[in-house]
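These notes are about the structure you will find just below.
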Amino acid sequence: MLALVKAGVPPRRPGPPSGSPAAEVAGDAMSFRPRPGLCWVRTSQIDLAGTTAVVTGAGRGFGRAVAVALRAAGATVVGVSRSVSDLTEVGSLLGDGFVPVEADATDAAVATEVLERHRPRTLVLNAGATPWMGSLREQTWQSFSRNWEVDTQQAFHWSRTALRVPLAAGSTVVTMSSGAALRGSPLSGGYAGAKATVRFITAYAGQESQEAGLGIRFVAVLPQLTPETALGQAGMRAYAKQQGVDLADFVEARRPVLTPEQVGQAVVRLSTSPDHPDPAYLLTAKGLQEVP
């Protein structure tokens, strides 16, 4: 159960199912955080057993790890990916509890079809492109805008559709932003800006859910750069080269590094636990942290 409560005050007993699960709240126009003294909280631990989860970009990296973690928590996982071979590999890991969907997550029609058909309790928007690494003077608009066309577009379509279907009250939508959204990433074109906009879209959707009394929680996760994914390896390689240091030394200076398994566990925690009510979290090897 989700409720919007004053900080430090026990939540009231939930009202009838037909009532709004949330009090009206106005988000701050700049930070898009709930009004001081108000926050989303779960009034009880949620059991994912027997529920359905949809994960975009489920074929590899963070998406695959999230699919594995959600399946381990008892959910049937619908995985969306453009790669049949990646989906086959995930299916071999998860068995009958995995439903592969070969599709382009940036297609609005795919978002509508999947959400209307499967009505997930948990939706994880992880699909994204590996940015072309290079300085601004080396970028073209096509390379610079790649993550806007993939990461941001899929977050827009799926978040919008989750509100319009809508998903059931008590559902959670987790979007994958990036730590780069806070600090920038000068060698990855428009990646940081695209991921910052993913976070904004998540906040906008959460605010609209509250205003409409839909009871759908939207939360953004901002993972730190890690060599444990192909995207992270490309980024670290580029920055190590820029700084004139060996890649191994560059990585070693940043240990401990975030693992895909930790990302999967964090998504399950956000989908089930009453301990993390904020609209966005930084995720490092030390776990979920408040966004500075």
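Note that UniProt numbering numbers the sequence shown so that position 38 is 38, with each residue one more than the last. Backbone N, C-alpha and C fix where the C-beta goes; we use that ideal spot for every residue, glycine too. Note that the structure is predicted; figures quoted are calculated from it, not measured.
- Distance from the CA of Pro120 to the CA of Arg269, rounded to the nearest whole angstrom, comes to 17 Å.
- For the pair Ala67 and Val84, the Cα-to-Cα distance works out to about 16 Å.
- The Cβ atoms of Val257 and Pro292 do not sit closer than 9 Å to each other.
- Under the three-state reduction of DSSP, Ser177 is assigned to coil, being neither helix nor strand.
- For Leu94, the uninterrupted alpha helix (DSSP H) segment begins and ends at Val84 to Leu94.
- In the DSSP assignment, Gly63 falls outside any beta strand (DSSP E) and within the unbroken alpha helix (DSSP H) covering Gly61 to Ala72.
- Here Gln289 carries a strand assignment [DSSP, helix/strand/coil].
- DSSP links Leu283 through a beta bridge to Pro223 and Leu288.
- In its chain, beyond the 5 residues on either side, Met236, Arg237 and Ala240 have a beta carbon closer than 7 Å to the beta carbon of Leu247.
- Going by beta carbons, Thr172 and Thr112 fall outside the 9 Å limit.
- The residues Ala129, Pro131, Gly190, Tyr191 and Ala194, in chain order, have a CB closer than 6 Å to that of Asn147 in the same chain once the five nearest residues on each side in sequence are set aside.
- Under a 10 Å Cβ-count criterion, Arg117 is classified as exposed, with fewer than 16 other Cβ atoms of the shown protein chains found around its own Cβ.
- For Gly264, the enclosing alpha helix (DSSP H) has its first and last residue at Pro260 to Thr272.
- Inter-residue distance for Gly74 and Val99 is about 14 Å (C-alpha atoms, whole angstroms).
- With at least 16 other beta carbons inside 10 angstroms of its own, Leu225 counts as buried.
- Between the alpha carbons of Gly244 and Ser185 lies a gap of roughly 17 Å.
- Between Thr175 and Val124, the CB-CB gap stays under 9 Å.
- For a cut-off of 8 Å, the C-beta gap from Thr52 to Thr76 is around 5 Å, short enough to register as a contact.
- Residue state for Ser81 is assigned as strand, using DSSP reduced to three classes.
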